[in-house]
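A.B. asks:
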Amino acid sequence: MSAAGLRVDSTVVTAPPPRRRLSGRAIVLLAIAAVFGVATLRVVTGADDIASSGALAAAIGLAVPIGLAGLGGLWSERAGVVNIGLEGMMILGTWGAGFFGYFYGPWAGLLGALVLGMFGGAIHALATVVFGVDHIVSGVAINIIGFGVAKYLAARAFTGLPGGGPTQSPPLKPLPVLTVPWLSPALGDLEGEHIFFVSDLAGILRALVTEMSVVTLIAIALVVLTSLVLWRTAFGLRLRSCGESPVAAETLGVNVYRYKFIAVLISGGLAGLGGGYLALVAANIFRDGQTGGRGYIGLAAMIFGNWRPGGLVGGSALFGYTDAIQLRGGGTVVHALLLFLAVLILGIGLWQLLRRRRVVQGVLAIAAGVLVALWYLVTETVPDEFAGTTPYVATLLVLAFASQRLRMPAADGQPYRKGEAQ
Amino acid sequence: MRAVDLRRIMLALAAPLLAVLVAFAVTSIVLLLAGDPVAQVWQQLLTSPPPRLVVGIINGAVVYYISAIAVAIGFRMNLFNIGVDGQYRVAAFAAAVFAGQGWLPGGLNILVALVIAMITGALWAGIAAWLKVQRGVSEVISTIMLNSIATGLVAYLLGRVAVRAQGSNATSTREIPEASRMPGFALVAGTPNKVYALILLAVLVGVAYWMVLNKTRFGYDLRATGRSESAAVASGVNVRRMVLISMLLSGGVAGLVGMPLLFGEDFAYGDTVQSGLGFAGIAVALLGRNHPVGIAFAALLWSYLDQQSNGLQIKVGVAPEIVLIIQGVIVLAVVIAYEVVRRAGLAMERARVARELAAAKPAPPNREGASV
Numbered sequence: 001m002s003a004a005g006l007r008v009d010s011t012v013v014t015a016p017p018p019r020r021r022l023s024g025r026a027i028v029l030l031a032i033a034a035v036f037g038v039a040t041l042r043v044v045t046g047a048d049d050i051a052s053s054g055a056l057a058a059a060i061g062l063a064v065p066i067g068l069a070g071l072g073g074l075w076s077e078r079a080g081v082v083n084i085g086l087e088g089m090m091i092l093g094t095w096g097a098g099f100f101g102y103f104y105g106p107w108a109g110l111l112g113a114l115v116l117g118m119f120g121g122a123i124h125a126l127a128t129v130v131f132g133v134d135h136i137v138s139g140v141a142i143n144i145i146g147f148g149v150a151k152y153l154a155a156r157a158f159t160g161l162p163g164g165g166p167t168q169s170p171p172l173k174p175l176p177v178l179t180v181p182w183l184s185p186a187l188g189d190l191e192g193e194h195i196f197f198v199s200d201l202a203g204i205l206r207a208l209v210t211e212m213s214v215v216t217l218i219a220i221a222l223v224v225l226t227s228l229v230l231w232r233t234a235f236g237l238r239l240r241s242c243g244e245s246p247v248a249a250e251t252l253g254v255n256v257y258r259y260k261f262i263a264v265l266i267s268g269g270l271a272g273l274g275g276g277y278l279a280l281v282a283a284n285i286f287r288d289g290q291t292g293g294r295g296y297i298g299l300a301a302m303i304f305g306n307w308r309p310g311g312l313v314g315g316s317a318l319f320g321y322t323d324a325i326q327l328r329g330g331g332t333v334v335h336a337l338l339l340f341l342a343v344l345i346l347g348i349g350l351w352q353l354l355r356r357r358r359v360v361q362g363v364l365a366i367a368a369g370v371l372v373a374l375w376y377l378v379t380e381t382v383p384d385e386f387a388g389t390t391p392y393v394a395t396l397l398v399l400a401f402a403s404q405r406l407r408m409p410a411a412d413g414q415p416y417r418k419g420e421a422q
Numbered sequence: 001m002r003a004v005d006l007r008r009i010m011l012a013l014a015a016p017l018l019a020v021l022v023a024f025a026v027t028s029i030v031l032l033l034a035g036d037p038v039a040q041v042w043q044q045l046l047t048s049p050p051p052r053l054v055v056g057i058i059n060g061a062v063v064y065y066i067s068a069i070a071v072a073i074g075f076r077m078n079l080f081n082i083g084v085d086g087q088y089r090v091a092a093f094a095a096a097v098f099a100g101q102g103w104l105p106g107g108l109n110i111l112v113a114l115v116i117a118m119i120t121g122a123l124w125a126g127i128a129a130w131l132k133v134q135r136g137v138s139e140v141i142s143t144i145m146l147n148s149i150a151t152g153l154v155a156y157l158l159g160r161v162a163v164r165a166q167g168s169n170a171t172s173t174r175e176i177p178e179a180s181r182m183p184g185f186a187l188v189a190g191t192p193n194k195v196y197a198l199i200l201l202a203v204l205v206g207v208a209y210w211m212v213l214n215k216t217r218f219g220y221d222l223r224a225t226g227r228s229e230s231a232a233v234a235s236g237v238n239v240r241r242m243v244l245i246s247m248l249l250s251g252g253v254a255g256l257v258g259m260p261l262l263f264g265e266d267f268a269y270g271d272t273v274q275s276g277l278g279f280a281g282i283a284v285a286l287l288g289r290n291h292p293v294g295i296a297f298a299a300l301l302w303s304y305l306d307q308q309s310n311g312l313q314i315k316v317g318v319a320p321e322i323v324l325i326i327q328g329v330i331v332l333a334v335v336i337a338y339e340v341v342r343r344a345g346l347a348m349e350r351a352r353v354a355r356e357l358a359a360a361k362p363a364p365p366n367r368e369g370a371s372v
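Quick note, the sequences are listed as chains A and B, same order. Note that the first sequence covers residues 1 to 422 in this note's numbering. Note that the second sequence covers residues 1 to 372 in this note's numbering.
In structure tokens, the structure reads:
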């Protein structure tokens with residue numbers, strides 16, 4: 001069994017599609033287009049929560065832990081170790097934040113989350129790098145262990161404390177938040193005017209300058225740092241070479257085991273930090289089951305982001321955003337997204353039909369688009385139970401449309417043994 | 001040859017034994033560090049269970065067994081079906097709704113409900129299969145997403161069809177008529193509790209799994225694809241078709257996971273239904289090395305630990321979650337132990353071949369080509 005799993009070539013690609021990295025200007029243009037689209041959607045559907053600064057602040061809060069977990073996945077997978085144990089490391093992080101945060105203060109809590117996450121990473125590294133077992137198997141085991149350790153230790157540590165219990169810690173002291181004076185209220189006024197596009201942009205900017213947690217800033221710094229270290233230093237190049245071709249790396253004198261071990265350790269630490277954010281910033285308390293599968297979603301965000309820091313941020317933002325608006329606006333806001341989905345599917349259908357001459361797929365897509373549009377027109381809202389699944393459906397849809405353009409590190413998931421033929 | 005075989009068996013037994021020992025040691029260390037009474041915990045976990053618990057252990061193992069077989073079908077060809085959890089919940093809901101209507105008489109009602117469960121589970125798994133085959137989406141991610149979507153879907157549909165039980169806030173589907181219930185067999189003396197009648201279903205699933213994998217061409221293709229995809233393709237296996245079929249099979253078996261509970265204990269699908277059985281199935285399948293008999297032992301061990309942990313809180317004052325740590329460590333230790341043992345076996349084999357070659361006359365260089 002190899003963790004890389006079975007790869008099925010879904011389409012026969014005759015010539016590889018031209019792969020261009022987006023330039024800075026293109027990204028800015030794309031962002032403006034996105035804001036424009038959201039503004040249009042807000043005006044057309046009347047769902048104001050689609051672009052309110054409150055929803056966006058919530059989106060950031062939801063995106064940060066996913067982004068940190070995804071960043072953890074990035075480090076590990078760039079070194080060729082699939083890390084499905086992110087969830088377990090995150091759970092360990094939430095407990096670490098709760099325990100050290102309560103007894104030694106919030107900054108110690110953040111450190112505790114980091115250390116506990118690294119502990120999970122160390123187990124994963126021991127199993128996958130030292131002993132060479134299947135990466136996914138080890139990850140699953142770590143998820144079980146992390147879940148159990150957090151529950152057991154929580155019952156041991158928090159029972160009997162004031163406000164604590166076997167499944168939750170006492171309330172934790174908050175970490176500082178930052179608000180830019182003057183700018184934040186001014187943008188708030190502008191947002192209140194509900195001017196097309198301008199207010200939407202103001203809402204986004206306001207979310208970025210109001211009550212921003214220091215951990216969010218740390219997370220952003222870590223994304224930049226990761227990008228620099230992995231792509232601009234010799235250390236990063238060697239680490240990535242372990243994920244692309246460990247044999248070649250070994251012949252060039254890279255100590256593959258050591259690089260992989262370090263990468264998985266860092267991976268665990270980042271996932272732990274993500275858990276720490278959940279406990280210290282999002283909830284101000286450790287609670288059992290707090291992660292709710294965010295480790296897995298972080299992994300999906302990283303895959304969606306094509307194993308790159310920028311894409312990863314996009315994936316987490318998408319997930320955080322869809323989750324935030326469904327949490328705040330419930331079915332009504334998700335209902336507004338249906339219109340977007342309908343237009344998107346119709347567009348893809350037309351493209352398939354006219355540009356690629358694929359009649360069956362085109363007609364099917366157009367039919368699906370019409371159905372979604374009908375759903376939008378006939379109903380007033382989406383049932384809350386469905387609204388809750390928005391982030392997962394969005395992830396699935398995005399992957400369904402984007403997966404074929406993704407390329408993972410060539411040796412990702414393959415156990416590597418020094419001196420053995422692959 | 002005989003001696004080698006004996007050695008192989010010893011090696012195969014060494015791994016699980018080693019794993020249990022490691023789990024024992026690690027858990028003891030955790031308990032020591034946390035300041036809990038180590039000896040008493042083990043005493044509680046290792047006392048022989050009373051008849052009531054024995055029934056509980058068997059029943060729990062029945063459910064884990066089916067779940068693990070569902071996972072194992074995927075494993076055998078390198079497919080990671082993490083979605084068993086969602087598949088069995090969607091399927092159990094569909095079967096409960098159908099059986100609750102009581103359209104068909106007694107046994108027939110059960111039979112058709114089982115088929116419906118299998119079809120529903122297969123369809124839910126089919127989404128992931130289609131996404132993998134057509135769109136290249138990793139089944140690991142898609143099945144995880146589908147688990148969450150299943151939760152929302154079932155909650156929504158349950159809200160539509162549910163009847164409110166008298167005097168409680170719990171909602172559930174309509175109860176299955178008396179004639180279609182299977183309370184089970186009183187296999188264990190000294191307790192009124194009964195072993196699920198659908199233990200027979202678990203046995204059937206296990207036998208079918210073994211037969212299909214080892215005695216059919218499909219099973220051969222499946223194992224071949226799991227061992228070496230390129231070799232399978234070269235021998236004419238249509239991998240995309242294999243992915244689709246095995247995912248559907250896995251989902252179909254996953255659909256049966258909730259059935260013993262539905263017909264033997266709950267008689268309806270409510271919002272109190274047990275979740276997480278699919279994840280336990282992954283661990284049990286790993287522990288049992290995807291072998292129908294191995295999985296049976298693993299399921300029993302898993303269920304034994306579950307049931308024995310219930311007394312921990314009351315009798316020893318230790319959180320029963322310590323058992324989760326034991327289970328996780330066992331899984332990890334087992335895979336590590338197998339890897340170590342496999343390598344040790346390889347080394348021994350190499351040493352044996354080298355010995356035999358050394359004992360034989362050294363061959364002149366020009367004959368080397370013929371012997372390769």
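All C-beta atoms in this analysis are idealised placements derived from N, C-alpha and C, irrespective of residue type, glycine included.
What do you get for A/Y104, buried or exposed, if any count of 16 or more other CB atoms within 10 angstroms of its CB means buried?
C.D. replies: The residue given as residue 104 of chain A occupies position 104 in the first sequence. Exposed, by the Cβ-count rule.
A.B. asks: Buried or exposed for A/A411, please, with buried defined as at least 16 other CB atoms from any protein chain shown within 10 angstroms of its CB.
C.D. replies: What you label residue 411 of chain A is simply residue 411 of the first sequence in a count that begins at 1. With 16 or more Cβ atoms within 10 Å of its Cβ, A/A411 is classed as buried.
A.B. asks: Going by alpha carbons, who is nearest to A/L41 out of A/F197, A/F131, A/R294?
C.D. replies: Against the first sequence, residue 41 of chain A aligns to sequence position 41. Ranking A/F197, A/F131, A/R294 by Cα distance to A/L41 puts A/F197 first.
A.B. asks: Can you list, in chain order, the residues of its chain with a C-beta nearer than 7 Å to that of A/L346? Leave out the 5 residues immediately preceding and following it.
C.D. replies: The residue given as residue 346 of chain A occupies position 346 in the first sequence. Around A/L346: I366, G369.
A.B. asks: Pair every Cβ in the segment 255-272 of chain A with every Cβ in the segment 66-84 of chain A, then say whether three or more of these pairs are closer than 8 Å.
C.D. replies: The segment 255-272 of chain A, when compared against the segment 66-84 of chain A, does touch it at the 8 Å Cβ threshold.
A.B. asks: Please decide whether B/S142 counts as near chain A, where near means a Cβ-Cβ distance under 8 Å.
C.D. replies: Within the second sequence, numbered from 1, the residue matching residue 142 of chain B stands at position 142. True, the Cβ-Cβ gap to chain A drops below 8 Å.
A.B. asks: Can you grab the Cα-Cα spacing for the pair A/G80 / A/V137, in whole Å?
C.D. replies: Numbered from 1 along the first sequence, position 80 holds the residue referred to as residue 80 of chain A. Numbered from 1 along the first sequence, position 137 holds the residue referred to as residue 137 of chain A. Approximately 15 Å, taken between the alpha carbons.
A.B. asks: Name, please, each residue of chain A whose Cβ falls closer than 8 Å to the Cβ of B/Q327.
C.D. replies: By 1-based counting over the second sequence, the position of residue 327 of chain B is 327. Chain A residues near B/Q327: I144, G148.
A.B. asks: How would you label B/A23, buried or exposed, when you count the other beta carbons within 10 angstroms and need 16 or more for buried?
C.D. replies: Translated into the one-based positions of the second sequence, residue 23 of chain B becomes position 23. The residue is buried, with at least 16 neighbouring Cβ atoms inside 10 Å.
A.B. asks: Go ahead and label A/G413 buried or exposed: buried means 16 or more other beta carbons lie within 10 angstroms of its beta carbon, across all protein chains shown.
C.D. replies: Here residue 413 of chain A is taken as the residue at index 413 of the first sequence, counted from 1. Per the 10 Å Cβ criterion, buried.
A.B. asks: Just to check, is the beta-carbon of B/G152 closer than 7 Å to a non-hydrogen atom of the ligand ADP?
C.D. replies: Because no ligand of any kind appears in the structure shown, any question about the ligand ADP cannot be addressed here.
A.B. asks: List the residues of chain B whose Cβ lies closer than 8 Å to the Cβ of A/A127, in chain order.
C.D. replies: The count along the first sequence starts at 1 and reaches residue 127 of chain A at position 127. Simply L332, V335, I336.
A.B. asks: Is the CB of B/S138 under 8 Å away from at least one CB in chain A?
C.D. replies: As a working note, residue 138 of chain B is residue 138 in the second sequence. Yes, its Cβ sits closer than 8 Å to a Cβ of chain A.
A.B. asks: Counting pairs of beta carbons, one from the segment 137-147 of chain A and one from the segment 276-287 of chain B, are three or more of them closer than 8 Å?
C.D. replies: Yes, they touch.
A.B. asks: Residues in the segment 107-136 of chain A with C-beta within 8 Å of chain B's C-beta atoms, listed in sequence order?
C.D. replies: If you check each beta-carbon in the segment 107-136 of chain A against every beta-carbon of chain B, the ones closer than 8 Å belong to I123, A127, F131, G132, V133, D134, I136.
A.B. asks: Show which residues of chain A have a CB atom less than 8 Å away from the CB atom of B/E339.
C.D. replies: Sequence index remark: in the second sequence, residue 339 of chain B carries index 339 (1-based). Those within 8 Å of B/E339 in chain A are F131, G132, V133.
A.B. asks: Along the chain, where does the alpha helix (DSSP H) containing A/L116 start, and where does it finish?
C.D. replies: Position 116 of the first sequence, counting from 1, holds the residue named residue 116 of chain A. Residues 106-125.
A.B. asks: For B/V331, which residues in the same chain have their Cβ closer than 7 Å to its Cβ, ignoring the five residues on either side in sequence?
C.D. replies: Walking along the second sequence from the start, residue 331 of chain B turns up at place 331. So the qualifying residues of the chain are A283, L286, L287.
A.B. asks: Beta-carbon within less than 7 Å of A/F235's beta-carbon, same chain only, minus the 5 sequence neighbours each way: which residues are those?
C.D. replies: Counting from one through the first sequence, the residue named residue 235 of chain A turns up at place 235. Within the same chain, A/F235 has close Cβ partners V229.
A.B. asks: Check whether the Cβ of B/E408 lies closer than 8 Å to any Cβ atom in chain A.
C.D. replies: There is no way to answer for residue 408 of chain B, as the model of chain B reaches only from 1 to 372.
A.B. asks: Can you tell me which of the three DSSP states A/R19 falls into?
C.D. replies: Numbered from 1 along the first sequence, position 19 holds the residue referred to as residue 19 of chain A. Low confidence applies here, because A/R19 scores a pLDDT of 49, under 50, leaving its location unreliable; read the following figure in that light. Coil.
A.B. asks: At the level of alpha carbons, what is the spacing between A/R78 and A/L222?
C.D. replies: Within the first sequence, numbered from 1, the residue matching residue 78 of chain A stands at position 78. Within the first sequence, numbered from 1, the residue matching residue 222 of chain A stands at position 222. The alpha-carbon atoms of A/R78 and A/L222 are separated by roughly 16 Å.
A.B. asks: Please state the DSSP three-state secondary structure of A/M408.
C.D. replies: Reading the first sequence from its first residue, position 408 is the one you call residue 408 of chain A. If DSSP states are grouped into helix, strand and coil, A/M408 belongs with coil.
A.B. asks: Which same chain residues end up closer than 8 Å to A/I285 when comparing Cβ atoms and leaving out the 5 residues on each side of it in sequence?
C.D. replies: Mapped onto the first sequence, residue 285 of chain A falls at position 285. Result list for A/I285: G98, Q168, S169, P170, P171, L172, A279, in chain order.
A.B. asks: Give the residues of chain B in contact with A/Q404, contact being defined as C-beta atoms less than 8 Å apart.
C.D. replies: Translated into the one-based positions of the first sequence, residue 404 of chain A becomes position 404. R135, G136, listed in chain order.
A.B. asks: For B/V163, name the three-state secondary structure that DSSP assigns.
C.D. replies: Residue numbering aside, residue 163 of chain B sits at position 163 when the second sequence is read from its first letter. Residue state, collapsed to three classes: strand.
A.B. asks: For A/V382, name the three-state secondary structure that DSSP assigns.
C.D. replies: Counting from one through the first sequence, the residue named residue 382 of chain A turns up at place 382. Under the three-state reduction of DSSP output, A/V382 falls in the coil class, being neither helix nor strand.
A.B. asks: Compare the C-beta of B/M348 against all C-beta atoms of chain A and say whether one is closer than 8 Å.
C.D. replies: Working through the second sequence from its first residue, we reach residue 348 of chain B at position 348. It does not; no Cβ of chain A falls within 8 Å.
A.B. asks: Does A/P166 get closer than 8 Å to chain B when you measure Cβ to Cβ?
C.D. replies: Residue numbering aside, residue 166 of chain A sits at position 166 when the first sequence is read from its first letter. Taking Cβ atoms only, chain B reaches closer than 8 Å to A/P166, which makes this a yes.
A.B. asks: Determine, using beta carbons only, whether B/F98 and B/A122 come nearer to each other than 8 Å.
C.D. replies: What you label residue 98 of chain B is simply residue 98 of the second sequence in a count that begins at 1. What you label residue 122 of chain B is simply residue 122 of the second sequence in a count that begins at 1. Cβ atoms of B/F98 and B/A122: not closer than 8 Å.
A.B. asks: Since A/S199 is in the alpha helix (DSSP H), which residue starts that stretch and which ends it?
C.D. replies: Position 199 of the first sequence, counted from the start, is the residue given in the question as residue 199 of chain A. From DSSP, the alpha helix (DSSP H) with A/S199 extends over 198-209.
A.B. asks: Output, in sequence order along the chain, the residues in the segment 382-404 of chain A whose CB is closer than 7 Å to any CB in chain B.
C.D. replies: P383, E385, F386, G388, T389, Y392, V393, T395, L396, L399, A400, S403, Q404
A.B. asks: How many angstroms separate the CA atom of B/L300 from the CA atom of B/A68?
C.D. replies: Position 300 of the second sequence holds residue 300 of chain B. Position 68 of the second sequence holds residue 68 of chain B. The straight-line gap from Cα to Cα measures roughly 12 Å.
A.B. asks: Enumerate in chain order the residues of its own chain whose CB-to-CB distance from B/R223 is below 8 Å, with the five nearest sequence positions on each side excluded.
C.D. replies: Numbered from its first residue, the second sequence carries residue 223 of chain B at position 223. Here the set comprises R76, M77, L213.
A.B. asks: Let me check understanding here. Comparing Cα to Cα, which of A/W182, A/L30, A/A108, A/A219 lies closest to A/G61?
C.D. replies: For this step, residue 61 of chain A is matched to residue 61 along the first sequence. That would be A/A219, whose Cα lies nearest to the Cα of A/G61.
A.B. asks: Ordered along the chain, which non-local residues of its own chain (more than five positions away) have a Cβ less than 6 Å from that of B/V62?
C.D. replies: Counting from one through the second sequence, the residue named residue 62 of chain B turns up at place 62. Around B/V62, the same chain offers Y196, I199, A202, P260 as residues with beta carbons nearer than 6 Å, after the five sequence neighbours per side are excluded.
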